[in-house]
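Numbering (full-length UniProt numbering) for the sequence shown: 1 to 172. Glycine residues also receive a C-beta, built at the ideal position from the N, C-alpha and C atoms.
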Amino acid sequence: MATAANPPLYLHVTSTNKEGLEKAVALIDDLMKKELPNLVDERRFRRREPEQVERDEYGRRKWPEERIPVDLEPIPGFNLRAQVVGQGGAYVKHIQQKTRCKVQIKGRGSGFMEPSTGRESDEPMFLHVAYVTLLHPFLALQRLRQLALILITFCFLQWSRPERCPERKGLV
1 MATAANPPLY LHVTSTNKEG LEKAVALIDD LMKKELPNLV DERRFRRREP EQVERDEYGR
61 RKWPEERIPV DLEPIPGFNL RAQVVGQGGA YVKHIQQKTR CKVQIKGRGS GFMEPSTGRE
121 SDEPMFLHVA YVTLLHPFLA LQRLRQLALI LITFCFLQWS RPERCPERKG LV
């Protein structure tokens, strides 16, 4: 019904003759008498149910995680963290770009300070991966493992080169 806030709709109908005008008015009357469906899509105004996701201790969304061990012990004269991360973080950034996952290096010798303790973890160095996209997590995991294996193999080759670390000569 028409109110002051929602005034009635006025139609201005013209015709070249009286018969055409009467037909138009009759057609409009018929339409007004019919029960029309709601012309506004009510789904647009409904609130979505909040997603039931796991949260961390700070209330942030907790994404699925994976740990990929580096399995190389740090040795004098060889910066393992720098080899894994790459110059300017290039290797980690490459993996993140290809998989759409968040990758961090954590553990002993990583330089990553755990927020809960304020110091490095006592665990051996590992790549910590969080899947921030759930579009194709299995494919992302497969691709991520391939790239991480390539990276760790490359680091192993650098790590085992005797000219890099004279004290390792003859050990590998």
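Between residue i and residue j, which are expected to be in contact by the criterion C-beta below 8 Å, what is the C-beta distance as a whole number of angstroms?
| i | j | result |
| --- | --- | --- |
| Glu54 | Val129 | In fact, because the Cβ distance is near 16 Å, the residues do not count as touching under 8 Å. |
| residue 173 | Pro64 | Nothing can be reported for residue 173: it is not among the residues displayed for the chain, which extend from 1 to 172. |
Would you mind stating whether residue i and residue j have Cβ atoms separated by less than 9 Å?
| i | j | result |
| --- | --- | --- |
| Pro124 | Asp56 | no |
| residue 188 | Thr99 | Because the chain here runs from 1 to 172, residue 188 falls outside it and cannot be looked at. |
| Ile28 | Leu39 | no |
In the DSSP assignment, find the beta strand (DSSP E) that holds residue i and state where it starts and stops.
| i | result |
| --- | --- |
| Ala130 | Phe126 to Ala130 |
| Gln104 | Lys102 to Lys106 |
Starting from the C-beta of residue i, find all residues in its chain whose C-beta is less than 7 Å away, skip the five residues before and the five after it, and write them out in chain order.
| i | result |
| --- | --- |
| Pro69 | Pro124 and Phe126 |
| Pro8 | Ala2 |
| Arg81 | Ile105, Gly109, Ser110 and Gly111 |
The alpha helix (DSSP H) spanning residue i covers which residue range?
| i | result |
| --- | --- |
| Val25 | Lys18 to Lys33 |
| Arg81 | Leu80 to Val85 |
Please list, in chain order, all residues of the same chain as residue i whose beta carbon is under 6 Å from its beta carbon, the five residues on each side excluded.
| i | result |
| --- | --- |
| Ala148 | Ile68 and Leu127 |
| Leu21 | Ser15 |
| Leu36 | none |
Can you tell me whether residue i is helix, strand or coil according to DSSP?
| i | result |
| --- | --- |
| Gln97 | helix |
| Glu42 | helix |
Starting from the C-beta of residue i, find all residues in its chain whose C-beta is less than 8 Å away, skip the five residues before and the five after it, and write them out in chain order.
| i | result |
| --- | --- |
| Gln96 | Lys102 and Val103 |
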